[in-house]
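Numbering (the working numbering), first residue to last: 707 to 1148.
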Ligand SMILES: NC(=O)c1ccc[n+]([C@@H]2O[C@H](COP(=O)([O-])OP(=O)(O)OC[C@H]3O[C@@H](n4cnc5c(N)ncnc54)[C@H](O)[C@@H]3O)[C@@H](O)[C@H]2O)c1
């Protein structure tokens, strides 16, 4: 795809009102009608974002601001985008993973006022970055990223845009890890709130949302019976622990691998077997990576896996399973033995099944995390962005990765409880006094 002219000039920094209307690059605008029911369905499961949309419409935290987003183009993201536009934002959206783009959702969103979408399912790497550049052409005031490719491209190739950006929000742990490396090197040009520091997000989205949807993606791709299987889960962070719990719930014998002693200990205390990956893969029937690292399943592990083993990745980037090594070992590759399942036959006759090309399995082979799990996460991200929008005097130094402010987490948890119709107790004045004092003992 040819690099298009920017939709706004680099020199016109006087405000969004002077910018040309956003233009989209999507597969088929005619799919908008198909996409709308999907967004409406997600919206019903996202009451917290619904409440924020109403509050944003009232207080207009993004009035006159342009927000550049690089997110999975799904129905849940559409509900988030609507909350931002209700708050006065113009939103430019690129896909954070070409394989997870839902073309009908992209079309439905692109038809909404104040939104431009750059996303086509299955676009190649150059098309992916072209879309990110087109989003950056909007000269954003705020950014929302999922994996740090947008922020990275802005820093590496579009430095002229830096001074305008008030700040950003990063959705995922792998993206936050990249940002922290940028900040440590003094290379981050504006503050970014790392949404993975949100306790609400870790609990509901990563543990319960990803835990469920990863198993769902694997089941859709394989229709395998989990009960009785030996399942290896690499990484016992919020995602890995959720996956491990769900696999156990379906009757699997779950083995966990870790590199952090505390996390490994936590896995043992929860009743999982823990061992090094080399020992774990020898008996594995299904391996799921959720580490945020690379080559967790490398050449040595591939050589040790039994015949028929299934490999799936839940981590953000497609580097956790060494697919080039697997390809190098294969004497035959049978693509699409089932949707999103490729069979690699290696020289000794073993067949290894790779799901979703080693990409994030719940988004490629499934529909990603359920809307109800994304509700609180996206609410955290929307409130973090509103917080940054309201603080034009950014924290100094500018290039910091910030934790989600505790009051945002508390607000989202309160809204979620309200949506569930659950009331909780409040501390009495005596209890408050007791908890505030260090003088009162036994
Ligand atoms: N699929 C999804 O929907 C989804 C959702 C949220 C996050 N993610 C991604 O999933 C990954 C994990 O997320 P998280 O929030 O659990 O992250 P986390 O960093 O909290 O946990 C990762 C764990 O993996 C361990 N680990 C690192 N290298 C390892 C190795 N070589 N072997 C075994 N363990 C290793 C770490 O010690 C850590 O405990 C990240 O890439 C994140 O971006 C995916």
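Note that CB positions come from ideal geometry on N, CA and C, so glycine has one too.
Item: Residue 1056 to residue 1013 span [Cα, whole Å]; Value: 5 Å
Item: Residue from 903, 847, 992 and 985 with nearest C-alpha to residue 921; Value: 992
Item: heavy atom of ligand 1 below 7 Å from residue 969 C-beta; Value: yes
Item: Through-space distance from residue 911 to residue 1083, alpha-carbon basis; Value: 6 Å
Item: Residues near residue 954 in its chain [Cβ-Cβ closer than 7 Å; skip 5 each side]; Value: 960
Item: Rounded Cβ spacing between residue 844 and residue 798 (contact assumed at less than 8 Å); Value: 4 Å
Item: Extent of the continuous beta strand (DSSP E) run through residue 1060; Value: 1057-1061
Item: Residue 875 Cβ short of 7 Å to ligand 1 heavy atom set; Value: no
Item: Cutoff 7 Å; reference residue 901; Cβ partners in own chain excluding five residues on either side; Value: 875, 876, 877, 907, 1083, 1086, 1087, 1090 and 1110
Item: Nearest-angstrom Cα separation, counted from residue 1071 out to residue 1002; Value: 21 Å
Item: For residue 1070, the three-state DSSP class (helix, strand or coil); Value: helix
Item: Residue span of the alpha helix (DSSP H) that contains residue 669, given as start and end; Value: The chain is shown from 707 up to 1148; residue 669 falls before or after that span and cannot be answered.
Item: Segments of 4+ residues assigned as alpha helix (DSSP H) that fall wholly inside the segment 933-966; Value: 944-955
Item: N-terminal and C-terminal residue of the beta strand (DSSP E) that residue 848 is part of; Value: 848-851
Item: Integer-rounded CB distance, given that residue 1058 should sit under 8 Å from residue 1015; Value: 6 Å
Item: Contact test: residue 1125 Cβ vs ligand 1 heavy atom, cutoff 7 Å; Value: no
Item: DSSP-derived helix/strand/coil call for residue 987; Value: helix
Item: 8 Å CB neighbourhood of residue 983 in its chain, flanking five on each side removed; Value: 938, 940, 963, 1002, 1003 and 1007
Item: Validate contact between the segment 833-849 and the segment 767-779 using beta carbons, cut 8 Å, 3 pairs; Value: yes
Item: Separation of residue 749 from residue 1024, as counted between CA atoms; Value: 30 Å
Item: Sheet register partners of residue 1050 (DSSP bridge); Value: 1039 and 1058
Item: Contact check, residue 801 vs residue 745, beta carbons under 8 Å; Value: no
Item: Beta-carbon contacts of residue 989 that lie in its chain and below 6 Å, excluding the five residues immediately before and after; Value: 936
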